[in-house]
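In order, the protein sequence lines correspond to chains A and X. Per this note's numbering, the first sequence runs over residues 1 to 316. Per this note's numbering, the second sequence runs over residues 1001 to 1316. All C-beta atoms in this analysis are idealised placements derived from N, C-alpha and C, irrespective of residue type, glycine included. First up is the structure itself, then whatever we jot down about it.
There are 2 protein chains.
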Amino acid sequence: MYRPQIRILDCTIRDGGLMNDHKFTTEQVKRVFDACSKSGVDYCELGYKCDKSQFDVKKFGPAKFCDEEYLREVAYEGGSKVSVMADVGRTDYKDIIPKKESIVSMVRVATYCKEIDKAIDLGRHAKAQGYEVCVNIMSVSHVLEPDLDEALGQLAETDFDVVYLVDSFGYLYSEQVQYLANKYLKAFEGTKIEVGIHCHNNQQLAFANTIEGIIRGINYLDGSVYGMGRAAGNCTTELLLGFLKNPRYNVQPVLDLIETDFLKMQSELKWGYYIPYMVAGILNKHPRTALAMMKDSQGVSYGDYYRKLLLEGEEV
Amino acid sequence: MYRPQIRILDCTIRDGGLMNDHKFTTEQVKRVFDACSKSGVDYCELGYKCDKSQFDVKKFGPAKFCDEEYLREVAYEGGSKVSVMADVGRTDYKDIIPKKESIVSMVRVATYCKEIDKAIDLGRHAKAQGYEVCVNIMSVSHVLEPDLDEALGQLAETDFDVVYLVDSFGYLYSEQVQYLANKYLKAFEGTKIEVGIHCHNNQQLAFANTIEGIIRGINYLDGSVYGMGRAAGNCTTELLLGFLKNPRYNVQPVLDLIETDFLKMQSELKWGYYIPYMVAGILNKHPRTALAMMKDSQGVSYGDYYRKLLLEGEEV
Chain A
1 MYRPQIRILD CTIRDGGLMN DHKFTTEQVK RVFDACSKSG VDYCELGYKC DKSQFDVKKF
61 GPAKFCDEEY LREVAYEGGS KVSVMADVGR TDYKDIIPKK ESIVSMVRVA TYCKEIDKAI
121 DLGRHAKAQG YEVCVNIMSV SHVLEPDLDE ALGQLAETDF DVVYLVDSFG YLYSEQVQYL
181 ANKYLKAFEG TKIEVGIHCH NNQQLAFANT IEGIIRGINY LDGSVYGMGR AAGNCTTELL
241 LGFLKNPRYN VQPVLDLIET DFLKMQSELK WGYYIPYMVA GILNKHPRTA LAMMKDSQGV
301 SYGDYYRKLL LEGEEV
Chain X
1001 MYRPQIRILD CTIRDGGLMN DHKFTTEQVK RVFDACSKSG VDYCELGYKC DKSQFDVKKF
1061 GPAKFCDEEY LREVAYEGGS KVSVMADVGR TDYKDIIPKK ESIVSMVRVA TYCKEIDKAI
1121 DLGRHAKAQG YEVCVNIMSV SHVLEPDLDE ALGQLAETDF DVVYLVDSFG YLYSEQVQYL
1181 ANKYLKAFEG TKIEVGIHCH NNQQLAFANT IEGIIRGINY LDGSVYGMGR AAGNCTTELL
1241 LGFLKNPRYN VQPVLDLIET DFLKMQSELK WGYYIPYMVA GILNKHPRTA LAMMKDSQGV
1301 SYGDYYRKLL LEGEEV
């Protein structure tokens, strides 16, 4: 009944960290890694590899930088594989140390489509250092189709492991995911590159779109515990664990983790289905103004915010 | 671009009323009806037609009984059409007064599949009184297929207007909705009966499943404001309004209504994506134990609740 090639990647600490400047406690990250490991989650993404010359270490938690010391404190061998994200333009190549010195299994390069050449360069460096390499092309709902085709064509010529379809703005619905999933899968036919999907939940479609990806043949699935992620958050890891039939998966440890750690965090940080995020999603906009609206609406009503975003240009 | 046959039915007061014993204030119901009307929502369901010999009027709000006096106070001509729900076995036929004396346009008969003969009898009575008639076959994820086929066959021989596919337990995902939608649509081919879809959101799939219904050819779509409904609640009306392309629809009045009335109600009544409801959904169970768990967990953890529900029989 199940497809053994499917992998779950939990990105709670990485994407969720965008809501708290990655200021998780060491114990929290440990509990997330442990619950993921016990639930059979294949990869646990423990943060970003951000360049310390660009970001002040005092303003962010250690998951923003993923030093080897931090990673070894929170993760252990025999659990989920460890993944870290490296943003194009925000990563010091020297921080991608040789695989044999690291607990990390996979480096995920995050890029805008227009910077695909830089992403491939960074990915090649990570590959040369010995890692599994994944490339996430962000904000696909803003990419012109010829540019996307060209990027996928370039990626198909690499020896990378996974390329992700990423709906950063939570804009897509099933028929659009189907169209894009087919495009990605076709681009990598005859290669060893797997396709992944990372969805945001602005329209409560993140889980459904991930299922749509599975149906089309996508094998790498991003989730986060209780959906923790930027703005509306992500497809939830617990729904994926509840849905997938591989006997390796068990939702129970993640359910208990939600109760002990995530209810309170969610009530404070407020990721999820909130109207400003929903409005940004239906209008295919970056969530930055919605995040500002959630912090301080300055007397702007939900309806007015919708109208403002509808009528204004891209960069409001 | 849009399909003119599509109708939105907002069931906030009716389904949402299951979370507060229908104790809305008159002003709240007025605001819901007004926002629905201004947003172009086709039908606004203002409650149940419950038998007062079975339910104590002092224990419930007026939306539980939908006396004509209440309906005329909260609704007005020229707005959304008014719909009321009549439960099989809980309705006094005498309460379905002649259409010419009522502001109601549609009577929706709610039934379990096994009581389809009673539903058809009640529906015929409503039809004879002059109303549009709709039948909602509840809890379809618990119905045996031959029974469902027989019920649909019987309904196809009536002069009713709509029959709803109802995922009461929020259990279905896209491929199952597709299968059932095709079944319903085929059953009513060559008749004037339209098919509707009413989804619950236990797995955050209510909106996605409603879209799946649209893609298959379903034209009647249930939503509720901010998803207010029993347990995990429903597909949200605002997401439907944001998605559908008919120029008649405008999401703005509903967004403002959420801000003025629904944020506070949601924080108190707690419908939506909560883990006990999610657990009941993935296990295809009635939400009654999840509702009890939300009120008082009695020290049972989320993980234990999952295990308990997984291992126990149908009626826990």
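(request) Please list the partners that methionine 1138/X has in chain A, where partner means a Cβ-to-Cβ separation under 8 Å. (result) Near methionine 1138/X there are no residues of chain A at all, since even the closest Cβ is about 22 Å away, more than 8 Å.
(request) Output the boundary residues of the beta strand (DSSP E) element that contains lysine 999/X. (result) The shown model of chain X, from 1001 to 1316, leaves out residue 999/X, and the question about it has no answer.
(request) Would you mind reading off the limits of the beta strand (DSSP E) that contains glutamate 1194/X? (result) Its beta strand (DSSP E) spans residues 1194-1199.
(message) Could you tell me which whole beta strand (DSSP E) segments of length 3 or greater appear in the segment 153-196 of chain A?
(response) Whole beta strand (DSSP E) segments, 3+ residues: 162-167.
(message) If you measure between the beta carbons of cysteine 134/A and serine 80/A, is that distance less than 9 Å?
(response) With a cutoff of 9 Å on beta-carbon distance, cysteine 134/A and serine 80/A are scored as not near each other.
(message) Alpha carbons only, please: which of Ser53/A, Ile214/A, Ala156/A is nearest the one belonging to alanine 187/A?
(response) Measuring from the Cα of alanine 187/A, the nearest candidate turns out to be Ala156/A.
(message) So within the segment 1020-1071 of chain X, which uninterrupted alpha helix (DSSP H) runs reach at least 4 residues, ignoring any that extend past its ends?
(response) For the segment 1020-1071 of chain X, whole alpha helix (DSSP H) runs of length 4 or above, ordered along the chain, are 1026-1039.
(message) Which residues does DSSP list as the beta-bridge partners of glutamate 1145/X?
(response) Paired residues: none, contrary to the question.
(message) Which residues of the segment 207-239 of chain A have a Cβ closer than 9 Å to any Cβ of chain X? Give them in chain order.
(response) Within the segment 207-239 of chain A, the residues whose Cβ lies closer than 9 Å to some Cβ of chain X are Phe207, Ala208, Asn209, Ile211, Glu212, Ile215, Tyr226, Gly227, Cys235, Thr236, Glu238, Leu239, listed in chain order.
(request) State yes or no: is the C-beta of valine 1140/X within less than 9 Å of the C-beta of leucine 255/A? (result) Judged by their CB atoms, valine 1140/X and leucine 255/A are not nearer to each other than the 9 Å cut-off.
(request) Taking only the alpha-carbon atoms, compute the straight-line gap between arginine 288/A and phenylalanine 262/A and give it to the nearest angstrom. (result) Cα to Cα, the separation comes out at about 23 Å.
(message) Can you confirm whether tyrosine 1273/X, when its beta carbon is compared against all beta carbons of chain A, has any partner nearer than 9 Å?
(response) At least one beta carbon of chain A lies nearer than 9 Å to the beta carbon of tyrosine 1273/X.
(message) Any beta carbon from chain A within less than 9 Å of methionine 1294/X's own beta carbon?
(response) So no, methionine 1294/X is outside the interface.
(message) Taking the straight line between their C-alpha atoms, what separation do you get for valine 84/A and phenylalanine 207/A?
(response) Spanning the two alpha carbons is a distance of roughly 23 Å.
(message) According to DSSP, is glycine 317/A part of a helix, a strand, or is it coil?
(response) No information on residue 317/A is available, as it lies outside the stretch 1 to 316 that chain A covers here.
(request) Have a look at Val143/A, His142/A, Val104/A and flag the residue whose alpha-carbon is nearest the alpha-carbon of glutamine 129/A. (result) Nearest to glutamine 129/A by alpha-carbon distance, out of Val143/A, His142/A, Val104/A, is Val104/A.
(message) Based on DSSP bridge pairs, tell me the residues matched to leucine 1009/X.
(response) Beta-bridge partners assigned by DSSP to leucine 1009/X: Tyr1043/X, Asp1222/X.
(request) Please classify isoleucine 137/A: does DSSP put it in a helix, a strand, or coil? (result) In the displayed model, isoleucine 137/A falls within a strand according to three-state DSSP.
(message) Let me check understanding here. Comparing Cα to Cα, which of Lys23/A, Lys264/A, Gly170/A lies closest to lysine 59/A?
(response) Nearest to lysine 59/A by C-alpha distance, out of Lys23/A, Lys264/A, Gly170/A, is Lys23/A.
(request) Just the chain X side, please: which residues come within less than 9 Å of proline 253/A by C-beta, in chain order? (result) Contact of proline 253/A with chain X by beta-carbon distance below 9 Å involves Gly1303.
(message) Going by DSSP in three states, serine 267/A sits in which element: helix, strand or coil?
(response) Serine 267/A: helix per DSSP, three-state reduction.
(request) Identify every residue that forms a DSSP beta bridge with valine 1084/X. (result) When DSSP reads this structure, valine 1084/X sits in a beta bridge with Val1107/X.
(request) Tell me whether threonine 1260/X sits in a helix, a strand or coil according to DSSP, three-state version. (result) Of the three classes helix, strand and coil, the one that applies to threonine 1260/X here is helix, per DSSP.
(message) Only counting the same chain, and skipping five residues up and downstream in sequence, which positions put a Cβ closer than 6 Å to that of proline 1004/X?
(response) Cβ neighbours of proline 1004/X beyond the five flanking positions: none.
(request) Kindly list the residues whose CB is nearer than 8 Å to the CB of aspartate 51/A, restricted to its own chain and excluding five residues on each side of it in sequence; keep chain order. (result) Taken in chain order, the residues that qualify are Arg90, Thr91, Asp92, Asp95.
(request) Would you mind working out which of Ile258/A, Gly40/A, Met294/A sits nearest glycine 78/A, comparing C-alpha positions? (result) Selected option, being the one with the closest Cα: Gly40/A.
(message) Counting beta carbon pairs with one atom in the segment 1229-1240 of chain X and one in the segment 226-246 of chain A, are three or more of them shorter than 8 Å?
(response) Pairwise C-beta distances place the segment 226-246 of chain A out of contact with the segment 1229-1240 of chain X, as fewer than three of them are shorter than 8 Å.
(message) Please list, in chain order, the chain X residues whose beta carbon lies closer than 8 Å to that of lysine 174/A.
(response) Note that residue 174/A is serine in the sequence shown here, rather than lysine. Residues of chain X passing the Cβ test: Ser1174, Ala1208, Ile1211, Glu1212, Ile1215.
(request) Since I believe glycine 281/A is in contact with glutamine 203/A (beta carbons under 8 Å), could you give me their beta-carbon distance rounded to a whole number of angstroms? (result) A Cβ-Cβ distance of about 5 Å is found for the pair glutamine 203/A and glycine 281/A, placing them in contact under the 8 Å criterion.
(message) Could you check whether the Cβ of isoleucine 197/A sits closer than 9 Å to any Cβ belonging to chain X?
(response) Any Cβ of chain X closer than 9 Å to the Cβ of isoleucine 197/A would place that residue at the interface, and such an atom is absent.
(request) Assign valine 316/A to one of three DSSP states: helix, strand, or coil. (result) Caution applies to valine 316/A, whose pLDDT of 41 falls short of 50 and renders its modelled position unreliable; the model cannot decide the point.
(request) Alpha carbon to alpha carbon, how far is tyrosine 1173/X from tyrosine 1164/X? Give it in angstroms, no decimals. (result) Looking at the backbone, the Cα of tyrosine 1164/X and that of tyrosine 1173/X are separated by about 17 Å.
(request) Determine which residues of the segment 240-270 of chain A have a Cβ less than 8 Å from any Cβ of chain X, and write them out in chain order. (result) Against chain X - using a Cβ distance shorter than 8 Å - the residues of the segment 240-270 of chain A are Gly242, Phe243, Val251, Gln252, Pro253, Leu255, Asp256, Ile258, Glu259.
(message) I'd like the span of the alpha helix (DSSP H) that includes asparagine 209/A, first residue to last.
(response) Element bounds for asparagine 209/A: 206-216.
(message) Quick check on glycine 16/A: does DSSP put it in helix, strand or coil?
(response) Of the three classes helix, strand and coil, the one that applies to glycine 16/A here is helix, per DSSP.
(message) Under DSSP, the alpha helix (DSSP H) around threonine 237/A begins and ends at which residues?
(response) Residues 237-243.
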